[in-house]
Amino acid sequence: MATVAHRGEGLGWALFVRRGMTSWMQAWSECAPHSEPSPRSQPDVDETIPGDVRPQITTLLASMILCQQQEATS
Numbered sequence: 024m025a026t027v028a029h030r031g032e033g034l035g036w037a038l039f040v041r042r043g044m045t046s047w048m049q050a051w052s053e054c055a056p057h058s059e060p061s062p063r064s065q066p067d068v069d070e071t072i073p074g075d076v077r078p079q080i081t082t083l084l085a086s087m088i089l090c091q092q093q094e095a096t097s
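Under my numbering, the residues of the sequence shown are numbered 24 to 97, in order.
See below:
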C-alpha cells in the first residue's frame with residue numbers, strides 16, 4: 024500500500040465525512056481567498072427545459088436528496 028506524506032491532504036475529506044457538508048463549507052469559506060463577486064447579468068429565459076417539466080425535475084432531485092439523508096441516518 025502506498026503511503027503519502029501528510030501535508031494536510033485528506034483533512035477536508037475527513038471533515039466532510041465526520042461533520043457533514045455544512046461544516047466543510049464553513050471551514051472552506053474561512054480558507055478560501057475572499058474576492059468580490061463579479062456582477063452577473065440576468066440570463067435570458069432559455070427554454071432548454073420546458074416549464075412544465077421543471078417542477079417534476081425539482082421533485083425528483085428533492086426526493087433523491089431526502090432518500091440519501093434517510094439512508095445516512097438509518
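From the three backbone atoms N, C-alpha and C, an ideal C-beta is built for every residue, glycine too.
Everything numeric in this text was worked out from a predicted model, so none of it was measured.
Would residue i pass as a contact of residue j if the rule is Cβ separation under 8 Å?
i: Ile72; j: Ile80; result: yes
i: Gly35; j: Trp47; result: yes
i: Ala55; j: Leu38; result: no
Does DSSP classify residue i as helix, strand or coil?
i: Ile72; result: coil
i: Pro78; result: helix
i: Ser58; result: coil
When we look at the beta-carbon of residue i and count the other beta-carbons within 10 Å, is it buried (16 or more) or exposed?
i: Thr96; result: exposed
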